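Novice: Every letter in the sequence shown is one number past the one before it in UniProt numbering, and letter 105, counting from 1, is 105. Every residue gets a Cβ at the ideal spot worked out from N, C-alpha and C, and that includes glycine. On a predicted model such as this, the values are computed, not experimentally measured, just so you know. One structure is given below, represented as structure tokens, and several questions about it will come after.
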Amino acid sequence: MPALPTWADEDTPVFVISVAAQIAGMHAQTLRSYDRIGLVSPGRASGGGRRYSVRDIAVLREVQRLSQEDGVNLAGIKRIIELEREVGALTDRLAEVTEELARWRTAAEQAPSRGDRLPARRTQSVVVWQPGPRHRHE
């Protein structure tokens with residue numbers, strides 16, 4: 001794989017379609033087809049040409065592997081990719097919630113103990129609501 005520019009990361013679309021096709025071991029027309037059906041969504045240059053990231057090329061290789069080695073059809077591959085993205089998003093969200101829970105636990109541990117707080121007023125009152133007379137607006 002060609003070296004990335006210093007300003008680029010694995011999500012930066014930098015490879016033109018011919019280079020991406022060569023790296024992925026596919027024909028450029030196959031990449032165009034995969035773009036049309038939504039298996040991969042490359043970035044676009046200002047002139048409209050497709051630009052592929054390292055992550056896009058990894059997806060293309062996975063599409064090829066699933067198709068050729070495992071015999072999965074393109075609709076199945078698309079669903080697999082969608083589910084993998086969903087799992088990734090859920091994993092990220094779980095990490096956020098776990099961090100938030102840890103912050104709450106730390107705050108609770110640092111809070112004064114219950115004996116230091118004023119007692120809460122506890123009642124067992126029951127309030128019954130009854131509708132008042134209806135006023136008709138005519």
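1. Which residues bound the alpha helix (DSSP H) around arginine 122?
2. Could you say if the region 45 to 53 and the region 75 to 92 meet the contact criterion of at least three C-beta pairs nearer than 8 Å?
3. Closest to serine 33 by C-alpha separation, out of Thr12, Asp11, Leu74, Thr6, would be which residue?
4. Cα separation between alanine 10 and arginine 122?
5. Using the Cα positions of glutamine 22 and valine 40, report the straight-line distance between them to the nearest angstrom.
6. Among Pro13, Arg134, Gln110, Gly25, which residue has its Cα nearest to the Cα of arginine 65?
7. Return the CA-CA distance between threonine 30 and isoleucine 17, expressed in angstroms with no decimal places.
Specialist: Reading from the atomic positions:
1. Run containing arginine 122: none; DSSP gives neither H nor E here.
2. no
3. Leu74
4. Before going on, a small fix: residue 10 reads as glutamate here, not alanine. Each residue's Cα considered, the two are about 58 Å apart.
5. 16 Å
6. Gly25
7. 10 Å
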